[in-house]
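Some notes on the structure that comes next.
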Amino acid sequence: EQLRDYVTFESYSEYYPKINELRRNDILNFFAHAKATSQLSKRICLYFLATLLIFLLLGSPLGANSLRRDTFTAIVVTLIQSFFSLFAVHWLFHRFDLSLDAVIKYFASGFFLCPLISTVYELVVGGFMFAFAYFFLVAEFDLDGNKFGETWNDSGVSKDFRDRFLQEHTIAFVLIMAVEAFVIAGLIEEVSKYFAYRMVDHPDWITRQSLASIARPPTNETGQSPSPITNFLEGVREEPQTSMRKAASITVAMVSVALGFTCSKQLIHILIFRPPNFALQKEELLIRALLPIHPIAAAVQSVGVCRRDLEHDHSHTLGHIVFPAIMLTGSYDFILGLVNLVFNLRRADGQAENDHTPYITVSSIAVAVIVSMAFVFFMVMSKAQRRRLVDMDASRIEPVLS
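Here this note's numbering is used: the first residue of the sequence shown is 21, the next is one more, and so on.
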């Protein structure tokens with residue numbers, strides 16, 4: 021049995037008893053919880069701080085122009101949103117349902133591993149989409165007697181080509197946007213977040229009942245020492261969690277992954293894959309930072325995971341778990357892209373000025389509506405599941421009392 025952390029190979033029995041002691045005694049001191057974390061979590065925090073320092077130096081406004089100040093502002097807003105959300109979701113309401121050590125590891129999985137997984141698949145799918153657009157759209161149409169393929173390679177014409185293609189083939193452009201939103205941003209990212217959650221092993225999920233069946237008692241005659249499982253039993257929860265608390269733990273874990281992924285994705289987009297017109301896209305970056313969809317989509321996913329793992333509904337497969345989140349994330353990206361498309365078309369026709377205030381207003385309202393609808397959807401699904409879990413726990417207690 022794997023009863024130690026990856027990378028550091030620290031045994032669960034070396035740090036988890038301290039975590040469980042904080043839980044049993046209802047210790048509220050944050051530094052006590054931080055001190056009780058594993059060596060792996062401490063190392064993750066060190067790596068994260070080093071990465072964060074690099075990002076902040078790259079976006080530092082010292083002696084910089086307005087573009088650099090916009091970059092730094094976007095970075096700061098992204099970090100504040102991520103850490104404030106994590107503080108509210110975990111520390112304020114569920115600090116004893118899931119340990120701080122587990123939250124650090126889940127956040128790190130979302131921050132470091134999830135972007136690697138999603139980027140690889142996004143590049144593959146994006147490559148196929150580019151090939152489709154080039155061979156079936158670019159090479160087939162003719163503008164002013166020139167093939168798209170000819171004007172595409174002409175320096176300084178690519179932006180004009182994109183704008184003209186947008187104006188003359190708007191429906192095709194919208195279809196491409198829909199594929200990007202629901203396949204790349206929706207399907208790939210939501211499945212990546214799910215597996216980033218599944219990749220993390222943590223003793224918070226282990227119970228005495230599951231370990232006692234495989235623990236080997238010591239044999240004094242041979243001098244055999246207790247097995248690692250027997251040692252670890254001392255630090256495992258003495259009382260089993262209720263189904264409600266287990267569900268809360270799953271939700272916090274999946275939201276932690278999503279917050280790590282959102283933070284990493286925003287920082288990468290700002291500093292590494294920064295578009296040439298970043299100064300014109302800073303409003304969208306700030307909107308995404310202030311009103312993120314990924315944490316809510318992860319919470320929606322957690323309802324499906326709880327239904328499968330806690331309610332033991334094995335007909336609820338991976339597709340059922342991720343589909344609602346895919347639709348939420350896809351709609352979020354598609355609406356933002358659609359608002360941007362309409363604004364660009366109006367500006368190209370001379371109906372809109374370069375003032376971005378209307379775009380910011382419409383985008384903010386549209387995104388706020390989607391995020392609010394997603395939150396309401398999660399609350400309705402979660403409330404119905406809470407009733408089922410309470411009834412399930414009550415049905416287990418009644419035979420014992422009788």
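Glycine included, every Cβ here is placed at the ideal spot set by N, Cα and C. Remember, predicted model here, so these are calculated numbers, not experimental data.
In the same chain as SER322, and ignoring 5 residues on each side of it, the C-beta atoms closer than 7 Å to its own belong to ILE270, THR271 and MET274, in chain order. As computed with DSSP, SER102 is found in no beta bridge at all. Here the alpha carbon of ARG406 sits roughly 20 Å from the alpha carbon of THR337. Cβ-Cβ distances below 7 Å link SER102 to LEU279, THR282 and CYS283 in the same chain, with the five nearest sequence neighbours on each side left out; the list follows chain order. A straight-line Cα-Cα distance of about 9 Å links PHE127 and TYR217. Just so you know, the alpha carbons of GLY206 and GLY350 end up roughly 5 Å apart. Note that the C-beta distance between ILE307 and VAL387 is below 9 Å. Around the C-beta of ILE226, 16 or more other C-beta atoms lie within 10 Å, and the residue is accordingly described as buried. Contact annotation: VAL325 and MET401 have beta-carbon atoms that are not nearer than 9 Å. Inter-residue distance for TYR141 and ALA268 is about 31 Å (C-alpha atoms, whole angstroms). Close CB contacts of ASP333 within its chain, under the 6 Å cut and outside five residues either way in sequence, are with ARG327 (chain order). Ranked by how close their Cα comes to the Cα of GLY130, the residues ASN360, LEU348, TYR214 and LEU72 have TYR214 in first place.
According to DSSP, ARG24 shares a beta bridge with SER31. Collapsing the DSSP output to three states places ASP90 in a helix.
Between LEU365 and the set ILE137, LEU143 and THR190, the nearest pair of CA atoms involves THR190. Between GLU331 and ARG265, the C-beta gap is not smaller than 9 Å, which leaves the two residues out of contact. In this structure, DSSP gives VAL144 a helical state, which the three-state scheme calls helix. Counting other Cβ atoms within 10 Å of its Cβ, HIS340 stays below 16 and is therefore classed as exposed.
Judged by their CB atoms, ILE204 and ASP121 are not nearer to each other than the 9 Å cut-off. For the set SER276, PHE29, THR381 and VAL391, the Cα lying nearest the Cα of PHE132 is the one of SER276. For GLN261, no alpha helix (DSSP H) encloses it, and the DSSP letter there is neither H nor E. With distances taken between CA atoms, VAL27 lies nearest to GLN59 out of GLN59, PRO135 and ASN49. Between PHE202 and ALA414, the alpha-carbon positions lie close to 40 Å from each other. Look at HIS53 here: in three-state DSSP terms it is helix. If the five residues before and after PHE398 are omitted, its C-beta is found closer than 8 Å to the C-beta atoms of ILE316, ALA319, VAL320 and VAL323, all from its own chain and listed in chain order. CA-CA distance, LEU76 to PHE68, rounds to 12 Å.
For the pair PHE395 and PRO378, the CB atoms are not nearer than the 9 Å cut-off. Judged by their CB atoms, TYR352 and ILE313 are nearer to each other than the 9 Å cut-off.
Counting of Cβ neighbours within 10 angstroms places ALA56 among the buried residues, the total reaching 16 or more. Annotation: LEU133 is outside any alpha helix (DSSP H) and is labelled neither H nor E by DSSP.
If you draw a straight line from the Cα of TRP111 to the Cα of LEU136, it comes to about 28 Å.
One alpha carbon belongs to THR71, the other to ILE64, and they sit about 10 Å apart.
The three-state secondary structure of ASN45, taken from DSSP, is coil. Less than 9 Å separates the beta-carbon of LEU291 from that of LEU78. If you ignore the 5 residues before and after VAL123, its C-beta comes within less than 6 Å of the C-beta of HIS110 and SER276, all in its own chain and listed in chain order. By the beta-carbon neighbour count (other beta carbons within 10 angstroms, threshold 16), GLU41 is exposed.
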